[in-house]
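Engineer: Chains as they are written, first to last, in numbering that gives the first Met the number 0: chain A, 0 to 619; chain B, 0 to 106.
One structure coming up, written as structure tokens, with questions to follow.
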Amino acid sequence: MALLQISEPDASPLPHERRLAVGIDLGTTNSLVATVRNGIPVVLPDAQGRPLLPSIVRYLPDGVHVGHEAQNEQTRDPQNTIVSVKRLMGRGLADLSDARRFPYRFIDGPGMVGLGTRAGPKSPVEVSAEILRVLRERAEASLGGKLVGAVVTVPAYFDDAQRQATKDAARLAGLDVLRLLNEPTAAAIAYGLDNASQGTYAVFDLGGGTFDISILKLTRGVFEVLATNGDSALGGDDFDHRVYCWVIEAAGLPPLSAEDTRLLMLRSREAKENLTLHGTAPIVVTLANGQKVDLTLTAENFTAITQNLVAKTLAPVRRALRDAGLQPRDIQGVVMVGGATRMPQIQKAVGDFFGQPPLTNLNPDQVVALGAAIQADVLAGNRRAGDDWLLLDVIPLSLGLETMGSLVEKIIPRNSTIPVTRAQEFTTYRDGQTAMAIHVLQGERERVTDCRSLARFELRGIPPMTAGAARIRVTFQVDADGLLAVSAREQGTGVEAAITVKPSYGLTDGDIARMLQDSQAHAADDMAARALGEAQVEADQLVAVTRTALAADGDLLSATERAAIDASLAALARCREGSDHRALVAATEALNRATGELAARRMNRTVARALTGRQVDTLS
Amino acid sequence: MSITLTETAARHVASHLSKRGKGIGLRLGVRTSGCSGMAYKLEYADEAKADDLAFESHGVKVFVDPKSLPYLDGTELDFAREGLNEGFRFNNPNVKDACGCGESFNV
Numbered sequence: 000m001a002l003l004q005i006s007e008p009d010a011s012p013l014p015h016e017r018r019l020a021v022g023i024d025l026g027t028t029n030s031l032v033a034t035v036r037n038g039i040p041v042v043l044p045d046a047q048g049r050p051l052l053p054s055i056v057r058y059l060p061d062g063v064h065v066g067h068e069a070q071n072e073q074t075r076d077p078q079n080t081i082v083s084v085k086r087l088m089g090r091g092l093a094d095l096s097d098a099r100r101f102p103y104r105f106i107d108g109p110g111m112v113g114l115g116t117r118a119g120p121k122s123p124v125e126v127s128a129e130i131l132r133v134l135r136e137r138a139e140a141s142l143g144g145k146l147v148g149a150v151v152t153v154p155a156y157f158d159d160a161q162r163q164a165t166k167d168a169a170r171l172a173g174l175d176v177l178r179l180l181n182e183p184t185a186a187a188i189a190y191g192l193d194n195a196s197q198g199t200y201a202v203f204d205l206g207g208g209t210f211d212i213s214i215l216k217l218t219r220g221v222f223e224v225l226a227t228n229g230d231s232a233l234g235g236d237d238f239d240h241r242v243y244c245w246v247i248e249a250a251g252l253p254p255l256s257a258e259d260t261r262l263l264m265l266r267s268r269e270a271k272e273n274l275t276l277h278g279t280a281p282i283v284v285t286l287a288n289g290q291k292v293d294l295t296l297t298a299e300n301f302t303a304i305t306q307n308l309v310a311k312t313l314a315p316v317r318r319a320l321r322d323a324g325l326q327p328r329d330i331q332g333v334v335m336v337g338g339a340t341r342m343p344q345i346q347k348a349v350g351d352f353f354g355q356p357p358l359t360n361l362n363p364d365q366v367v368a369l370g371a372a373i374q375a376d377v378l379a380g381n382r383r384a385g386d387d388w389l390l391l392d393v394i395p396l397s398l399g400l401e402t403m404g405s406l407v408e409k410i411i412p413r414n415s416t417i418p419v420t421r422a423q424e425f426t427t428y429r430d431g432q433t434a435m436a437i438h439v440l441q442g443e444r445e446r447v448t449d450c451r452s453l454a455r456f457e458l459r460g461i462p463p464m465t466a467g468a469a470r471i472r473v474t475f476q477v478d479a480d481g482l483l484a485v486s487a488r489e490q491g492t493g494v495e496a497a498i499t500v501k502p503s504y505g506l507t508d509g510d511i512a513r514m515l516q517d518s519q520a521h522a523a524d525d526m527a528a529r530a531l532g533e534a535q536v537e538a539d540q541l542v543a544v545t546r547t548a549l550a551a552d553g554d555l556l557s558a559t560e561r562a563a564i565d566a567s568l569a570a571l572a573r574c575r576e577g578s579d580h581r582a583l584v585a586a587t588e589a590l591n592r593a594t595g596e597l598a599a600r601r602m603n604r605t606v607a608r609a610l611t612g613r614q615v616d617t618l619s
Numbered sequence: 000m001s002i003t004l005t006e007t008a009a010r011h012v013a014s015h016l017s018k019r020g021k022g023i024g025l026r027l028g029v030r031t032s033g034c035s036g037m038a039y040k041l042e043y044a045d046e047a048k049a050d051d052l053a054f055e056s057h058g059v060k061v062f063v064d065p066k067s068l069p070y071l072d073g074t075e076l077d078f079a080r081e082g083l084n085e086g087f088r089f090n091n092p093n094v095k096d097a098c099g100c101g102e103s104f105n106v
């Protein structure tokens, strides 16, 4: 018979109505799957009892190996063994400044980079899907049934392209994604920080090869990411390497063979881990040539050889706090994530920096997956009625579109909670305009060139009307996973065009931080640029209208009047070339005044024409 | 009248209770529903109710409401693993037939 789990009081599920849901931490180095079982979040281990699945996929002539099996063959078959695929998600070849660091055969193409393997070309989405499939199968075997869905975590700085790629990978692996969740938010949930009414927290995530710091603000159950920073090339592996170098130096070893290097790296890592547990760690290695190494690593040695690595983690922490406009004392709690945060040296440095001991009582390798599992349990509907809470996330950068003058009109401001829908009406710029180009942008700056282009599409079939008569409603919709859909609809005729933004290129952590900083540093410039751009659009419009009027009804003017208008036009043209927006506004006003009389006479002529020869009673 | 836990089941319940951080024991019961008539209730107990019957097995308290007891009398709650899956199992002598999955039963 079925195996039952213990439920919360009065929450026993009906038979066959248990809703199995999991949280998945799809990591750069390792991945995990967790669930809420017997009311308690737990990580689901594999048949050998191992909770971590190395995020490594090896393509064989007749199949795929994922995890430990692939890891063992990594050095023997590097081109077909994909590690750290997360770094490639949603990225084009052009985005990879460090493409040569990877041993793969990259295939350039539109959108995401491809990988040439013996099983044919593979996209990072397909590779990630292999990892997710193994986790899904593990979960279904552990829970005894099909999953209703999963919450998958992503770094807070992941942009739309990277999030979409992650979601696609999950779908390909046969998972229904209940939601993508920011990793630091998941860690905060695992510690129950969302139960407080409000607070500001730091999440310090030092993994095997990457370091991320996030500052989160909780207000009424909503986590907002105030700032993220980090170092994509700093992690526990660097500490192993320091120990390795220390051994080479202390034992006076010559350059080593690849095999000895691997052995010594392994022993170095073990020594680091033993040091955390026991305070001292013997390193005993017999090399291939029979030479014996017998050393003891002490906490003092280790602290000395790694102190600049520890210091290196604090620099991004300072930057993140500065971006958030906060001091260390403003932080109410510090959550530690990632196996490398077990090192007492790290815990001490973080504790000293923030003036409080960090939260370490949950397993730092598992905390993100556990938080995702709690969220999945809620979204799957396993909480009691009245106990259900909704956790929201926010969008990291504003979303908007290009308007005349290469300016950005923000539709959804940054830090809006998602899901969110906002609409705004736009109109045509020229008489008889039948199409409108919609250019979707992401960023905080005022000018198009300073923001990131996400997508372009056209709304066609607008009936010809005078400029400004068409009413085009543009709707921006961001779903719970932070993915954007944009639609444009001409209100009169109902013609419609839409796009789901699956943008092809990603931004790095640093790019987002830079974009946010730039927006603050350039606030004044941007305002001036916007003012100038708007003045230019207005000037151009008036010039166009004036030219049309002169061509049609120039005969209504005397020679002097005509000369005055021409002079104003010329003056405006000169200002249009410059960058002084006040002068441009003044010249536009001057032309407006000079043409006022012409406009009045044209109106009279039009009315006279319309009325001539008609009976009063035919007018209505 | 008795309801018991195997030692393994008791150990797991005790461990879950301590991780959960609250609760005085386990509540077992039945309710009418499911494809074969009756379904088990297996829940944490945060408080004893007035007419509850209480049992204790390997240090774990088990609460049962008097209406459920006739259906559960003699039951032994066990903990089992099936491959990667694990959970609790009712060894209930009163059951005449159960649906294929065993989530509901008849007496």
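The beta carbon of each residue, even a glycine, is placed where N, CA and C say it ideally should be.
1) So, under 8 angstroms CB-CB, ILE212/A and VAL246/A are touching, yes? Tell me the CB distance rounded to an integer number of Å.
2) Counting only Cβ pairs nearer than 7 angstroms, list the residues of chain B close to ASN37/A.
3) Is SER122/A buried or exposed, if buried means 16 or more other CB atoms sit within 10 Å of its CB?
4) For SER11/A, decide whether its Cβ has a neighbour in chain B, counting only Cβ atoms nearer than 7 angstroms.
5) Are at least three pairs of beta-carbons, each pair with one atom in the stretch 289 to 297 of chain A and one in the stretch 178 to 189 of chain A, less than 8 angstroms apart?
6) Would you identify the three-state DSSP class for LYS501/A, choosing helix, strand or coil?
7) Please report whether the beta-carbon of ASP386/A lies at a distance below 7 angstroms from any beta-carbon of chain B.
8) Measuring CB atoms only, is the stretch 451 to 469 of chain A touching the stretch 422 to 437 of chain A, in the sense that at least three cross pairs come out at less than 8 angstroms?
9) Under 7 angstroms Cβ-Cβ, which residues of chain B neighbour SER6/A?
10) If you scan the stretch 547 to 614 of chain A from start to end, which runs of the alpha helix (DSSP H) of 4 or more residues do you find wholly inside it?
11) Residue range of the alpha helix (DSSP H) that MET264/A falls in?
12) Kindly indicate the opening and closing residues of the beta strand (DSSP E) around PRO40/A.
13) Kindly indicate if chain A contains any beta-carbon less than 7 angstroms away from that of PHE62/B.
14) Identify, in the order they occur along the chain, each residue of the same chain with its Cβ nearer than 8 angstroms to the Cβ of ALA572/A, setting aside the five sequence neighbours on each side.
15) Is it true that the CB of VAL447/A sits closer than 7 angstroms to the CB of GLU401/A?
16) Tell me which residues of the stretch 69 to 89 of chain B have at least one Cβ-Cβ distance to chain A shorter than 7 angstroms, keeping chain order.
17) Do you know how far the Cα of LEU225/A is from the Cα of GLY481/A?
18) Using a beta-carbon distance cut-off of less than 7 angstroms, what residues from the stretch 139 to 152 of chain A approach chain B?
19) Please determine if the stretch 38 to 47 of chain A and the stretch 103 to 116 of chain A are in contact, where contact requires at least 3 C-beta pairs separated by less than 8 angstroms.
20) Verify whether the separation of the beta carbon atoms of LEU87/A and VAL112/A is less than 7 angstroms.
21) Count the other C-beta atoms from every protein chain shown that fall within 10 angstroms of the C-beta of ASP387/A, then say buried if there are 16 or more, exposed otherwise.
22) Within the chosen definition, does the stretch 77 to 93 of chain B reach the stretch 127 to 145 of chain A through at least 3 CB pairs nearer than 8 angstroms?
23) At which residue ranges does the stretch 120 to 183 of chain A contain complete alpha helix (DSSP H) runs of 4 or more residues, listed in the order of the chain?
24) Give me the subset of the stretch 116 to 138 of chain A whose CB atoms are less than 8 angstroms from a CB atom of chain B, sorted by chain position.
25) Use the C-beta contact count for MET342/A: other C-beta atoms within 10 angstroms, 16 or more gives buried, fewer gives exposed.
26) If you pair each beta-carbon of the stretch 266 to 283 of chain A with each one of the stretch 242 to 257 of chain A, do three or more pairs fall below 8 angstroms?
27) How about LEU3/A: is its C-beta nearer than 7 angstroms to some C-beta of chain B?
28) So which residues of chain A does LYS18/B contact, with C-beta pairs closer than 8 angstroms?
29) Would you call the stretch 48 to 60 of chain B and the stretch 20 to 27 of chain B in contact, with 3 or more CB pairs under 8 angstroms?
30) Could you work out which residue in ALA195/A, LEU134/A, ALA155/A and ARG444/A is closest to ALA168/A when comparing CA atoms only?
31) How would you list, in chain order, the residues of chain A whose beta-carbon sits under 7 angstroms from the beta-carbon of LEU27/B?
32) What would DSSP say about ASP364/A, mapped onto helix, strand or coil?
33) DSSP beta-bridge partners for MET37/B?
34) Verify the contact flag: VAL126/A, CB atom, against every heavy atom of the ligand GDP, threshold strictly below 6 angstroms.
35) Give a yes or no on whether 7 angstroms exceeds the smallest Cβ distance from ASP50/B to chain A.
36) ALA593/A and SER567/A: beta carbons closer than 7 angstroms?
Structural biologist: Based on what the coordinates show:
1) Going by Cβ atoms, the distance from ILE212/A to VAL246/A rounds to 30 angstroms, so no, they are not a contact pair.
2) HIS15
3) buried
4) yes
5) no
6) For LYS501/A, the pLDDT reaches just 49, beneath the cut-off of 50, and the residue's location in the model is therefore unreliable, although a value from the coordinates is still provided. Under the three-state reduction of DSSP output, LYS501/A falls in the coil class, being neither helix nor strand.
7) With a pLDDT of 46 at ASP386/A, under the threshold of 50, the modelled position of that residue is not reliable, and the figure given next carries that caveat. Closer than 7 angstroms: no.
8) Yes, they touch.
9) LEU41 and GLU42
10) Secondary structure within the stretch 547 to 614 of chain A: the alpha helix (DSSP H) runs of 4 or more consecutive residues, fully enclosed, are 558 to 576, 580 to 593 and 595 to 610 (chain order).
11) Start and end: 257 to 277.
12) 39 to 42
13) no
14) VAL542
15) yes
16) The residues in question are ALA79, GLU81, GLY82, LEU83, ASN84, GLU85, GLY86, PHE87 and ARG88.
17) 16 angstroms
18) Of all residues in the stretch 139 to 152 of chain A, those with a C-beta nearer than 7 angstroms to a C-beta of chain B are ALA140, SER141, LEU142 and GLY143, reading in chain order.
19) no
20) yes
21) Interpretation of ASP387/A is limited by its pLDDT of 44, a score under 50 that renders its predicted location unreliable; no figure is taken from the coordinates.
22) Between the stretch 77 to 93 of chain B and the stretch 127 to 145 of chain A there are three or more inter-stretch CB-CB distances shorter than 8 angstroms, so the stretches are counted as touching.
23) Listed in chain order, the alpha helix (DSSP H) elements of length 4 or more contained wholly in the stretch 120 to 183 of chain A are 123 to 142 and 159 to 171.
24) Close to chain B, meaning a Cβ-Cβ distance shorter than 8 angstroms, are the following residues of the stretch 116 to 138 of chain A: ARG137.
25) Label assigned to MET342/A: buried.
26) yes
27) yes
28) ILE39
29) yes
30) Of the listed residues, the one whose Cα sits closest to ALA168/A is LEU134/A.
31) The premise fails here: LEU27/B is roughly 10 angstroms from chain A at the closest Cβ pair, so nothing lies under 7 angstroms.
32) coil
33) MET37/B pairs with THR31/B and PHE104/B.
34) Inclusion of the ligand GDP in the displayed structure is not the case, the ligand content being empty and no account of it being possible.
35) No - not a single Cβ of chain A is within 7 angstroms of the one on ASP50/B.
36) yes
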